[in-house]
Amino acid sequence: MTPERKIRIMVAKPGLNGHDRGAKIIARGFRNAGFEVIYTGLHQTPEQIVAAAIQEDVDGIGLSSLAGAHDYLFPRVVELLKEKGADDIMVFGGGIIPEEDIPKLREAGIRGIFGPGTPIEEAVNWVRQNIKPKK
Amino acid sequence: MSLAEKILRGDIRAASRLMRDIDDRMPSAMEELKKIYSKTGNAYIIGITGPPGSGKSTLVDKTVEILRKERKTVGIVAVDPTSPFTGGAILGDRIRMQRHSIDDGVFIRSLATRGSLGGISRSTSDIIKVMDAMGKDIIIVETVGVGQDEVDIVNTAHTSVVVLVPGSGDDIQAIKAGILEIGDIFVINKCERQGADRLEMELKATLEMGPKREDGWMPLIFKTEALLGKGIFELVYGIYRHREKLLACDYLEKKIFERTKWEFLCILDSELRDTIVERLEKDKRLDKIIDDLKRRKANPYSIVEKILEGELKGSS
Amino acid sequence: MFRNDHLKTIGDEEKKWTEDLSKILSEIPERLSRFSTISDMEIKGLYTPKDIQYLDYSRDIGFPGIYPFTRGIQPSMYRGKIWTMRMFSGLGGPEETNRRFHYLLKHGETGLSIAFHYPTLMGYDSDSPMARGEIGKCGVAVDTLKDMEILLEGIPLDKVTTSMTINPPASILLAMYIVVAEKQKVSKSQIGGTIQNDMLKEFIAQKTLMLPPKPSMRLIVDTVEYCTKEVPRWNTISISGYHIREAGSTAVQELAFTLADGIAYVAAALERGLEVDDFAPRLSFFFDSHIDFFEEIAKFRAARRIWARVMKERFRAKNPRSWMLRFHTHTAGCSLTAQQPYNNVMRTAYEALAAVLGGTQSLHTNSLDEVYSIPTEEAAAIALRTQQILSEETGVTNTIDPLAGSYFIEALTNRIEAEALEYIQKIDTMGGMLAAIERGYPQMEIAEAAYHYQKLIDEGKKVVVGVNKYATDHPPITIWKMDPEIERRQLKRLREVKEMRNGQKVRDHLNKLRGAAEGNENLMPYIVNAVREYATLQEICDVFREVFGTYTDPGMF
Chain A
1 MTPERKIRIM VAKPGLNGHD RGAKIIARGF RNAGFEVIYT GLHQTPEQIV AAAIQEDVDG
61 IGLSSLAGAH DYLFPRVVEL LKEKGADDIM VFGGGIIPEE DIPKLREAGI RGIFGPGTPI
121 EEAVNWVRQN IKPKK
Chain B
1001 MSLAEKILRG DIRAASRLMR DIDDRMPSAM EELKKIYSKT GNAYIIGITG PPGSGKSTLV
1061 DKTVEILRKE RKTVGIVAVD PTSPFTGGAI LGDRIRMQRH SIDDGVFIRS LATRGSLGGI
1121 SRSTSDIIKV MDAMGKDIII VETVGVGQDE VDIVNTAHTS VVVLVPGSGD DIQAIKAGIL
1181 EIGDIFVINK CERQGADRLE MELKATLEMG PKREDGWMPL IFKTEALLGK GIFELVYGIY
1241 RHREKLLACD YLEKKIFERT KWEFLCILDS ELRDTIVERL EKDKRLDKII DDLKRRKANP
1301 YSIVEKILEG ELKGSS
Chain C
2001 MFRNDHLKTI GDEEKKWTED LSKILSEIPE RLSRFSTISD MEIKGLYTPK DIQYLDYSRD
2061 IGFPGIYPFT RGIQPSMYRG KIWTMRMFSG LGGPEETNRR FHYLLKHGET GLSIAFHYPT
2121 LMGYDSDSPM ARGEIGKCGV AVDTLKDMEI LLEGIPLDKV TTSMTINPPA SILLAMYIVV
2181 AEKQKVSKSQ IGGTIQNDML KEFIAQKTLM LPPKPSMRLI VDTVEYCTKE VPRWNTISIS
2241 GYHIREAGST AVQELAFTLA DGIAYVAAAL ERGLEVDDFA PRLSFFFDSH IDFFEEIAKF
2301 RAARRIWARV MKERFRAKNP RSWMLRFHTH TAGCSLTAQQ PYNNVMRTAY EALAAVLGGT
2361 QSLHTNSLDE VYSIPTEEAA AIALRTQQIL SEETGVTNTI DPLAGSYFIE ALTNRIEAEA
2421 LEYIQKIDTM GGMLAAIERG YPQMEIAEAA YHYQKLIDEG KKVVVGVNKY ATDHPPITIW
2481 KMDPEIERRQ LKRLREVKEM RNGQKVRDHL NKLRGAAEGN ENLMPYIVNA VREYATLQEI
2541 CDVFREVFGT YTDPGMF
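Chains as they are written, first to last, in this note's numbering: chain A, 1 to 135; chain B, 1001 to 1316; chain C, 2001 to 2557.
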């Protein structure tokens, strides 16, 4: 069997907001693009997300937020990854994120930010371009 | 330091990376596995299978809760199908177990079948070995039990648990042939539903009518309502009872022998095949062979015979 | 509705028209190869009497205020009383929200609607680790009775009705409301309002989850039973399609799953031993008004007709009030765009118009900035004014159900009704909504529809102005931001309440509640007693979680 680095992405919803429409659409989109998607479900703490990402050895974590708690939760995920020496796992996020919050999030290490109305294809391409396969 | 060394020192990232390499069929993975093999064979392996929606993951979640109270460390391999159309997969078994993800004594790994012939058996058994080398006391493998590969995975566990639900339309007759034979323990989950008692009676009758098992074990049946944690304690102790029985009648040795053999054959199978296919592909012979077969200029039986003769001669 | 010979003539004329049309179309084809609603239901270019030939006016349409209520539930509709203008509000702490309530009432709002922050919605106090980063962000923080007292200060609870969007801890917030009323010397029998209290749609769509389905149903029926006897003017469940639609369902799915939820609640209350006509009149509904104008109007009309027939024929209700589907409408949050946010004012206006033409009893109109955050005062005022313009300038309130008799609207109403009934029947064969949810049936249907719609957008087959067409950059608008001081104040108050209350009494009441929860008694009186002593929301929810277990969404695809 030929070696094949499949892209593995975790789709996670941090926080208490349960609106999973976007998370589910993106998970489906990733699957249809041939990725393996680990879906952790709703209401996840950053600690749970990071522990799961490490156990699953994913290439990236896609976070979805619609409730305004992104400014605390997204950076916290990046911070914890660093603490665990797993900051090679790339973090990106989507949902309702006001323009003015974007620079702060980027600075905190959120690599890609997808606002509402992002076509599925765009997110898929971004992952393909930005995620370097593991050695 | 190699991944293997790191794993044996308790490095979680190294373990999950090796699992990734195994899954991605990196040649380096085999080198690492060679190094950890002697440190494996200590974990007790439980296989759990049942149709989608039978509540396997919830059952595993609650089982882990009890195992952790007894201070046992646990590894979980959750196998889900890859989409045959896109090659991708959504692996969602973790959802029900996520509360354990921050517990250092629990390691959960989701695995997609990736649709290759026999491939999932090999990956699963290798990933179990990594968890074994990590020192997990108990390893639980969960699959939907579709196809021979997945049945094998559960069958070669030390204790196999089959999960059924009442009123799902699949009564005993309809349950996949082969599943009834492999269960050491049967769980009727969602037992609050109508038809649970009937399912239990039918199951009992079928099991009693079936052939006597070599080990003399009469499969146990448990009724659970996993969502509410009902009946899980009994289930865990049922698993322990099975283990004691295996130990008492020396059948565990036989099971381990069977399991080791199955693992060996999985490896032999995939390595042999990969080696030969790789060689045939290298000098473009594979396409030519298929072409000949297509036009009926040759037959596959003779060609395989010839290849094997050559291989065996070459290696002896 | 039409004579046979007349229908024949119409048929002949239509044939001729089709021939003429095809000649024109061979030169100038139609803009699209297929026209469909936002739910992707195919729509013809022209509807005629032939499309509604089997419609029976008296049986299927009738008169407003008369069974099957297709034209509306009151005989005079908006000529008698305008719908209630109820703006969903909640921001920061109880102080800020109380100020917003007074502001809206001063500007002509006629009913309150409380939006709670996520920790409250999920049964956690502000000092819980689960609340980190979420305090006061998407609604108001309510931890104890103290917060509720501040929140409702200066609001006459015997005059203003209040809707509370709250689900797992609905019984607790209702209890707090009752005790605040007590303190205002207003009795339980005088207060009016609504708790959403609809857990089925949470399992299906919105996922504000706490307990497993069965104990959730028990708590709901407890509130229904309690209110039927003690709080007669309270709407006990607001059976909601809004969240189902926002999760990406089609209009038909929204209607079908909502009514199937309603059927499940009625069945559960009957199982408790209640009389259908005692509780059914206090069930109300809550729908989305999306951007596809006619589809929505037809949906509302079909909803009333189906529910009336279900209640009369299936559940044998005798009181006409049990047959009436009363509903609140919220314009579609998911139709708002972050891009070019001022366009949202227009979207909301059309959606509000559809709700009114569909005969809604109360209405929330979204603010242009709601896609980003809690609305600013100014944006909320525009949204409220949108309703006032509708009711007092446009004249659409002069005539009852003015679109009735339109071949298109009636045909669409029939079709939506038929397709919804098909879903309801399917759910019945699965063993009802609870069984269907366990199987993940509605969840998967919605996920499929949501993905399908996103693909249509991505392919440009459906247009969202400013997003996949006419996209331009827009300057950022002012967004409401929470003052971090609010979080500190909230935590401080919670600490003070815990220090000042009688701890022994709280423990006693929580223990009594636990005992009752382990048995079969109605829990409402125990909850009322506990909140009166300032037991916190989470303390009460923790009792539930201990006794009943917790529930996580299985994530169906």
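C-beta: ideal position from N, C-alpha, C; glycine also.
Looking only at its chain, what residues have a beta carbon closer than 7 Å to the beta carbon of residue i, apart from the 5 residues adjacent to it on each side?
{"i": "E2202 of chain C", "result": "N2167, T2208, L2209"}
{"i": "I2172 of chain C", "result": "I2527, V2531, L2537, I2540"}
{"i": "S1110 of chain B", "result": "A1078, D1080, L1091, D1093, R1094"}
{"i": "I2457 of chain C", "result": "V2464, N2468"}
{"i": "M2077 of chain C", "result": "P2064, G2359, I2400"}
{"i": "Y2242 of chain C", "result": "F2286, F2287, D2288, H2330"}
Under 8 Å, Cβ to Cβ, is there at least one residue of chain A near residue i?
{"i": "R1017 of chain B", "result": "yes"}
{"i": "I1102 of chain B", "result": "yes"}
{"i": "I1090 of chain B", "result": "yes"}
Would you say residue i faces chain B, with C-beta separation under 8 Å as the test?
{"i": "F2557 of chain C", "result": "yes"}
{"i": "V127 of chain A", "result": "no"}
{"i": "R2439 of chain C", "result": "yes"}
{"i": "P14 of chain A", "result": "no"}
{"i": "A52 of chain A", "result": "yes"}
{"i": "P2129 of chain C", "result": "no"}
{"i": "G85 of chain A", "result": "yes"}
{"i": "V77 of chain A", "result": "no"}
{"i": "A27 of chain A", "result": "yes"}
Residue i and residue j look like a contact to me (Cβ under 8 Å); what is the Cβ gap, rounded to whole Å?
{"i": "M2433 of chain C", "j": "D2261 of chain C", "result": "6 Å"}
{"i": "L2145 of chain C", "j": "N2098 of chain C", "result": "Rounded, the Cβ-Cβ distance is 15 Å, inconsistent with contact."}
{"i": "N2522 of chain C", "j": "E2225 of chain C", "result": "6 Å"}
{"i": "D2288 of chain C", "j": "H2330 of chain C", "result": "6 Å"}
Should residue i and residue j be called a contact, given that it needs their Cβ atoms to be closer than 8 Å?
{"i": "I96 of chain A", "j": "V2356 of chain C", "result": "no"}
{"i": "E2153 of chain C", "j": "I2486 of chain C", "result": "no"}
{"i": "R2086 of chain C", "j": "H2364 of chain C", "result": "yes"}
{"i": "E2149 of chain C", "j": "K2183 of chain C", "result": "yes"}
{"i": "I1239 of chain B", "j": "T1156 of chain B", "result": "no"}
{"i": "I2073 of chain C", "j": "R2304 of chain C", "result": "yes"}
{"i": "V1151 of chain B", "j": "I1179 of chain B", "result": "yes"}
{"i": "G1047 of chain B", "j": "T1073 of chain B", "result": "no"}
{"i": "S2126 of chain C", "j": "I2135 of chain C", "result": "yes"}
{"i": "S2240 of chain C", "j": "T2258 of chain C", "result": "yes"}
{"i": "I1232 of chain B", "j": "I1120 of chain B", "result": "no"}
{"i": "T2037 of chain C", "j": "F2088 of chain C", "result": "no"}
{"i": "I2446 of chain C", "j": "A2247 of chain C", "result": "yes"}
With a threshold of 6 Å on Cβ separation, who are the neighbours of residue i within its own chain once the five nearest residues in sequence on each side are excluded?
{"i": "R8 of chain A", "result": "E36, V58, D59"}
{"i": "R2132 of chain C", "result": "none"}
{"i": "I110 of chain A", "result": "F74, V91, G93"}
{"i": "F30 of chain A", "result": "I9, V37"}
{"i": "S1316 of chain B", "result": "Low per-residue confidence applies at S1316 of chain B: pLDDT is 42, beneath 50, and the placement is therefore not dependable enough to give any value."}
Would you say residue i reaches chain C, if we count a Cβ-Cβ gap shorter than 8 Å as a contact?
{"i": "E100 of chain A", "result": "yes"}
{"i": "K24 of chain A", "result": "yes"}
{"i": "L73 of chain A", "result": "yes"}
{"i": "I1045 of chain B", "result": "no"}
Let me know the secondary structure DSSP gives residue i once reduced to three states.
{"i": "E1225 of chain B", "result": "strand"}
{"i": "K2044 of chain C", "result": "coil"}
{"i": "T2165 of chain C", "result": "strand"}
{"i": "W1217 of chain B", "result": "coil"}
Beta-carbon within less than 8 Å of residue i's beta-carbon, same chain only, minus the 5 sequence neighbours each way: which residues are those?
{"i": "G2439 of chain C", "result": "The residue you asked about is not Gly; residue 2439 of chain C is Arg in the sequence shown. These residues qualify, in order along the chain: M2430."}
{"i": "D71 of chain A", "result": "D101, K104, L105"}
{"i": "I1022 of chain B", "result": "A1029, L1033, S1123, D1126, I1127, V1130"}
{"i": "A1298 of chain B", "result": "I1289, D1292"}
{"i": "L16 of chain A", "result": "H43, A67, A69"}
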